[in-house]
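Data block below; observations after.
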Amino acid sequence: MITSADETLLRRAIGIAAAAVALGDAPYGSLLAGPDGTILAEAHNTVRRDDDITAHPELKLARWAARELDPDTAARTTMYTSCQPCTMCAGAVVRSGLGRVVHALSTEQLVELNPQSGDWPTVAQDGPALFDEARIPIDAYRRPN
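In my numbering, the protein residues as written are 127 to 271.
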């Protein structure tokens with residue numbers, strides 16, 4: 127359930143996205159709010175500026191949270207973002223331990239507004255294969271020292 131406090135922070139994320147456009151960057155902005163609602167960090171998309179396909183604000187903030195927050199604080203921290211995180215960013219959010227994401231636009235709404243944003247090629251994947259060989263480094267990593 128989205129509260130009025132959530133809407134205030136979500137408006138800030140949309141404002142970050144608008145500021146990104148003014149800087150010549152893509153229109154995506156995000157922030158992290160701690161358990162008490164204090165803004166901990168903000169980021170916007172810098173894919174073009176940095177020539178880095180991973181420079182999404184959600185990924186930047188997930189990496190920051192994983193590095194800077196203890197697990198308990200991360201679990202009580204919310205990411206507010208102007209658009210629903212892409213698959214890459216969603217995976218990073220899960221791995222970071224963040225407890226919640228609130229987004230303004232869904233992926234479907236974004237694609238309706240900008241059809242090019244949903245025009246990604248698919249990549250063929252084959253596997254699994256070589257289980258007995260591939261498990262060796264996994265087993266070695268899991269063994270206690």
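The C-beta atom is built at its ideal place from N, Cα and C for all residues, glycine as well. Predicted model only: the values in this text are computed from it and were never measured.
Close Cβ partners of T172 (< 6 Å) along its chain, the five nearest in sequence each way excluded: A distance below 6 Å between beta-carbons, with the five flanking residues on each side excluded, links T172 to the following residues of its chain, in chain order: D151 and A181.
Taking its Cβ as the centre, do 16 or more other Cβ atoms sit within 10 Å of I179, making it buried, or is it exposed? Flag for I179 reads exposed.
Locate the beta strand (DSSP E) running through R269, then write down its first and last residues. That residue, R269, is in no beta strand (DSSP E); it is neither H nor E in DSSP.
R226 bridges to which residues according to DSSP? As computed with DSSP, R226 is found in a beta bridge with T204.
Where do the N-terminal and C-terminal ends of the alpha helix (DSSP H) with G141 fall, by residue? Per DSSP, G141 belongs to the alpha helix (DSSP H) from S130 to A148.
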